[in-house]
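Every letter in the sequence shown is one number past the one before it in the numbering used here, and letter 124, counting from 1, is 124. Every residue, glycine too, gets a C-beta built ideally from N, C-alpha and C. All values reported here derive from a predicted model rather than from experimental measurement. Read through the structure below, which is laid out as structure tokens, and then see the notes.
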Amino acid sequence: MASEIHMSGPECLIENTNGRLLVNPKALKILSAIQQPVVVVAIVGLYRTGKSYLMNKLAGKNKGFSLGSTVQSHTKGIWMWCLPHPKKPEHTLVLLDTEGLGDVEKGDNQNDSWIFALAILLSSTFVYNSMGTINQQAMDQLHYVTELTDRIRAKASPEVDGVEDSADFVSFFPDFVWTLRDFSLDLEADGQSITADEYLESSLKLKKGTSQKDKNFNLPRLCIRKFFPKKKCFIFDRPTNRKKLGQLEKLCDDELDSEFVQQAAVFCSYIFRNSKTKTLSGGIKVNGPRLETLVQTYVSAINSGDLPCMENAVLALAEIENAAAVKKAIAHYDQQMGQKLQLPTETLQELLDLHRTIEKEAIEVFMRRSLKDIDHLFQKELAAQLDKKRDDFCNKNLKASSDHCSALLKDIFSPLEEGVKEGIYSKPGGYRLFIEKIQELKKKYLQEPRKGIQAEEILQEYLKSKESVSGAILQTDQTLSEQEKLIEVERVKAESAQAAAKMLEEMQIKNQQMMEQKEKSYQEHVKQLTNKMERDRAQLLEEQEKTLSLKLQEQARLLQEGFQEENRRLHNEIQNLQKKMNKPRQQCCLS
């Protein structure tokens, strides 16, 4: 299958060169060939924390993303590895490994913030990798999450106050996975065993208070809770002793700590089974070319000094997709008309019926591929092109019919032409023979099939061209009296007028058919547009309900924590009060 990609190793997607982000054309070419939906997993974390090892495990390899074995950060920019998804047929797994955050050699955190933001924007699952436990230091190192609203815009034009609701971000932010490496604590709370997820939720609890210290404590936690309603945590033991850490690429699983091997397998299984297809606002499933457009749009915005904007990225994507949708629809129309249309058609309606059937299919092709067609500009372009195609086929049908009928008349009436040349009608009684021959050949012509819509008009043109010959033969025929000749002239005029009236009636019918076809085309566009808008509206409502549900769940969780905190406070106050009340009783008993 053309869209399946088998990369033997990673390729740099976004280079970080001298503080400037550059997109690698070779990587874009790889993406452009992937027609399957993509599941994008990005990993971010401090340098030298083992991010690349986890990504290699997801790729099913020991080697691939550079691990390095010193304190230097090996991965620069963002590297990409595209592989067939191991659990989702007809999907491509795109792994993004990012350069380590906080690399002392860079001395500039600006690019770290952009790398972090790009990983969020491009992924459907975002993995944050850190060492040890989730303590305040770990939260402080995750300060990038507090800067997201300064780095990313959901809408091109925010609300009146210029502030975007966190729900705008939730609608397109990825799922959040926190991986804790070299974790050495027992997962316990109040003497009870807890899961890694419960440990994460506990670590994200907010402090009650309004001091600056409380605000600093709460800010990263609040951002994680608001932006990432779906969260997951994994803990990992140290894989091996310190001296062997630099040789992880060469070590087999049986040479590593068995707990670590099991933990890595559970992590990979979760990612494979739970990571979703990358989806944009409006339910737009992302494939390789769409991901390519997103990469270019976001990096271009950053390099030009703007903030990457989700809405703008979707609009840029829509421009490309809708232009391609028009092209695809027209290609379908051309192919089907080429296969099914045989010119000339017997009637105009035959052509128009076929056009209408294939036009409907072409509009369906466009509707399936189009997205965010603002003011229906691309649909109008499609309608204009289809109208032109119809008119072109009508003109071709006219010409094909005219050419065929002219050739047919030339062949059928050739005996008449020869007879005129030989003078066989220039004798007494010749006019009657001439008229009989014309009627005989005319009948033969009318019996010929598939002459097309010009059959009558071309015949009348031919007969009119013979009026002078007919008149000359009539006037020289001595067997006819002058009165008979006058009557014959009037008969010919009446026949000619009758034929002209018939052609005028046919022309009016054809015009009426064309008007009806244009109205049907318009109604078909409206019908399919209405259906698509209803589907899009239902998709939007579903997204909004999902976002609202996630937001309400988070608010409920915050309220519950507040109630629990208040209950604990009241419980402590009651216990203290009981102690105070019991103290005088004890003294009374002693006395």
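Tell me which same chain residues have a C-beta within less than 8 Å of the C-beta of A500, skipping the five on either side of it? Here the question's residue 500 lines up with position 500 in the sequence shown. Non-local beta-carbon contacts of A500 in its own chain, meaning distances under 8 Å to residues more than five positions away in sequence, involve Q460 in chain order.
Would S203 and I134 be called neighbours here (beta carbons separated by less than 8 Å)? The residue you call residue 203 lines up with position 203 of the sequence shown. The residue you call residue 134 lines up with position 134 of the sequence shown. A contact, by the Cβ cut-off of 8 Å.
So S521 packs on I453, CB below 8 Å; how close in whole Å? Sequence index remark: in the sequence shown, residue 521 carries index 521 (1-based). Sequence index remark: in the sequence shown, residue 453 carries index 453 (1-based). 20 Å between Cβ atoms; not a contact.
Between which two residues does the alpha helix (DSSP H) carrying E417 extend? Indexing the sequence shown from 1 puts residue 417 at position 417. Note, E417: alpha helix (DSSP H), 414 to 422.
Would you check if there are 3 or more beta carbon pairs closer than 8 Å linking the region 15 to 31 to the region 276 to 286? Contact check between the region 15 to 31 and the region 276 to 286: fewer than three CB pairs, one atom from each, fall below 8 Å, which does not count as touching.
Whose C-beta lies closer than 7 Å to the C-beta of T479 among residues of the same chain, with five residues either side of it excluded? Numbered from its first residue, the sequence shown carries residue 479 at position 479. Exclusion of the five residues before and after T479 leaves P428, G429 as the residues of its chain whose Cβ lies within less than 7 Å of its Cβ.
Backbone CA spacing between R225 and I358 [nearest angstrom]: For the purposes of this step, residue 225 is identified with residue 225 of the sequence shown, where counting begins at 1. For the purposes of this step, residue 358 is identified with residue 358 of the sequence shown, where counting begins at 1. Rounded to the nearest angstrom, the gap between the Cα atoms of R225 and I358 is 51 Å.
So A308 and L121 are supposed to be a Cβ contact under 8 Å. How far apart are they, rounded? For the purposes of this step, residue 308 is taken as residue 308 along the sequence shown, with counting starting at 1. For the purposes of this step, residue 121 is taken as residue 121 along the sequence shown, with counting starting at 1. One point to set straight first is that residue 308 is Pro, not Ala, in the sequence displayed. About 6 Å separates the beta carbons of P308 and L121, which is inside the 8 Å limit, making them a contact pair.
In the DSSP output, which residue or residues are listed as bridge partners for W178? Along the sequence shown, one-based indexing puts residue 178 at 178. Bridge partners of W178: Y128, C233.
Assuming contact is defined by CB atoms lying nearer than 8 Å, are N343 and K396 in contact in what I supplied? Numbered from its first residue, the sequence shown carries residue 343 at position 343. Numbered from its first residue, the sequence shown carries residue 396 at position 396. It is worth fixing the name first, because residue 343 is Leu in this sequence and not Asn. Cβ distance < 8 Å, so L343 and K396 count as in contact.
Is the beta carbon of L28 closer than 8 Å to that of V314? Looking up residue 314 in the sequence shown gives position 314. Looking up residue 28 in the sequence shown gives position 28. No, Cβ-Cβ distance for V314 and L28 is not below 8 Å.
Give a yes or no on whether the C-beta atoms belonging to A33 and I5 are separated by under 8 Å. As a working mapping, residue 33 is identified with position 33 in the sequence shown. As a working mapping, residue 5 is identified with position 5 in the sequence shown. Yes; because the gap between Cβ atoms is below 8 Å, this pair is in contact.
What is the DSSP secondary structure of M7, counted as helix, strand or coil? By one-based count along the sequence shown, residue 7 stands at place 7. The three-state secondary structure of M7, taken from DSSP, is coil.
Taking the straight line between their C-alpha atoms, what separation do you get for R450 and T345? In the sequence shown, residue 450 corresponds to position 450, counting from 1. In the sequence shown, residue 345 corresponds to position 345, counting from 1. One C-alpha to the other measures close to 7 Å.
Rounded to a whole number of angstroms, what is the C-alpha to C-alpha distance between D161 and K155? By one-based count along the sequence shown, residue 161 stands at place 161. By one-based count along the sequence shown, residue 155 stands at place 155. With a pLDDT of 47 at D161, under the threshold of 50, the modelled position of this residue cannot be trusted; read the value that follows with caution. In a straight line, the C-alpha of D161 is about 13 Å away from that of K155.
F183 and G100 - do their beta-carbons sit closer together than 8 Å? Stepping through the sequence shown from its first residue, residue 100 is reached at position 100. Stepping through the sequence shown from its first residue, residue 183 is reached at position 183. No, the Cβ-Cβ distance between G100 and F183 is not below 8 Å.
With 16 other CB atoms within 10 Å as the buried threshold, where does M533 fall? What you label residue 533 is simply residue 533 of the sequence shown in a count that begins at 1. Counting other Cβ atoms within 10 Å of its Cβ, M533 stays below 16 and is therefore classed as exposed.
If you compare alpha carbons, which of L474, E505, F65 is closest to R491? One-based indexing of the sequence shown puts residue 491 at position 491. Per the Cα distances, L474.
Quick one: measure Cβ to Cβ for V38 and V94, integer angstroms, because I've assumed they're closer than 8 Å. Taking the first residue of the sequence shown as position 1, residue 38 is located at position 38. Taking the first residue of the sequence shown as position 1, residue 94 is located at position 94. Contact between V38 and V94 holds: CB atoms are separated by about 5 Å, below the 8 Å threshold.
Just the C-alpha distance for M507 and K327, rounded to the nearest angstrom, thanks. Within the sequence shown, the letter at position 507 stands for residue 507. Within the sequence shown, the letter at position 327 stands for residue 327. The alpha-carbon atoms of M507 and K327 are separated by roughly 34 Å.
Cβ-based neighbour list, K26, same chain, cut-off 7 Å, excluding 5 preceding and 5 following: Here residue 26 refers to the residue found at position 26 when the sequence shown is read from its first residue. For K26, where only same-chain residues beyond five positions count, the Cβ hits under 7 Å are E11.
Touching or not, the region 347 to 366 and the region 328 to 335, by the rule of three or more beta carbon pairs under 8 Å? These segments touch.
Reducing DSSP to helix, strand and coil, say where K285 ends up. As a working note, residue 285 is residue 285 in the sequence shown. Assignment of K285 by DSSP, reduced to helix, strand and coil, places it in the strand class.
Would you mind giving the Cβ-Cβ distance between I438 and L416, rounded to the nearest angstrom? I have them listed as a contact below 8 Å. Here residue 438 corresponds to residue number 438 of the sequence shown, with the count starting at 1. Here residue 416 corresponds to residue number 416 of the sequence shown, with the count starting at 1. By a beta-carbon distance limit of 8 Å, I438 contacts L416. Their separation comes to about 7 Å.
Same chain only: Cβ atoms within 6 Å of I574, ignoring 5 sequence neighbours per side: Translated into the one-based positions of the sequence shown, residue 574 becomes position 574. Cβ neighbours of I574 within its own chain (closer than 6 Å, five residues either side excluded): none.
Can you name, in chain order, every residue of its own chain whose Cβ lies under 8 Å from the Cβ of F378, other than the five neighbours on each side? For this step, residue 378 is matched to residue 378 along the sequence shown. The answer, listed in chain order, is N322, A323, A325, V326, F366, S370.
For T70, which residues from the same chain have a beta carbon less than 7 Å from its beta carbon, with the 5 sequence-adjacent residues on both sides left out? Locating residue 70 in the sequence shown gives position 70, counting from the first residue. Residue confidence for T70 is low, a pLDDT of 38 falling below 50, so the modelled location carries little weight; the figure read from the coordinates is stated next. Nothing meets the Cβ criterion.
Starting from C82, trace the beta strand (DSSP E) in both directions and tell me its first and last residue. Here the question's residue 82 lines up with position 82 in the sequence shown. For C82, the enclosing beta strand (DSSP E) begins and ends at 78 to 84.
Along the chain, where does the alpha helix (DSSP H) that runs through I435 open and close? Position 435 of the sequence shown, counted from the start, is the residue given in the question as residue 435. Run containing I435: 430 to 447, per the alpha helix (DSSP H) assignment.
To which residues of the same chain is A59 closer than 7 Å at the C-beta, ignoring the five residues directly before and after it? Taking the sequence shown and counting its residues from 1, one reaches residue 59 at position 59. Hits under 7 Å: W81, L83, L95.
Between which two residues does the beta strand (DSSP E) harbouring R20 extend? Residue mapping note: residue 20 aligns to position 20 of the sequence shown, counting from 1. Taken as a continuous stretch (DSSP letters only), the beta strand (DSSP E) holding R20 covers 20 to 23.
Which residues DSSP lists as bridging G45, in chain order: The residue given as residue 45 occupies position 45 in the sequence shown. Secondary-structure assignment with DSSP links G45 through a beta bridge to N129.
Which residues in the same chain as L219 place their Cβ atom closer than 8 Å to its Cβ, once the five residues preceding and following it in sequence are excluded? The count along the sequence shown starts at 1 and reaches residue 219 at position 219. These residues qualify, in order along the chain: T146.
Endpoints, the beta strand (DSSP E) within which E94 is located: Residue 94 sits at position 94 when you count from the first residue of the sequence shown. According to the sequence provided, residue 94 is Val. The question's Glu does not apply to it. Its beta strand (DSSP E) spans residues 92 to 98.
For D253, collect the residues of the same chain with a Cβ closer than 7 Å to its Cβ; drop the 5 residues on either side in sequence, then sort them by chain order. For the purposes of this step, residue 253 is identified with residue 253 of the sequence shown, where counting begins at 1. Closer than 7 Å at the Cβ level, and outside the excluded window around D253, lie V261.
CA-CA distance, L348 and C394? The residue labelled residue 348 in the question sits at position 348 within the sequence shown. The residue labelled residue 394 in the question sits at position 394 within the sequence shown. Their backbone Cα atoms lie some 8 Å apart in a straight line.
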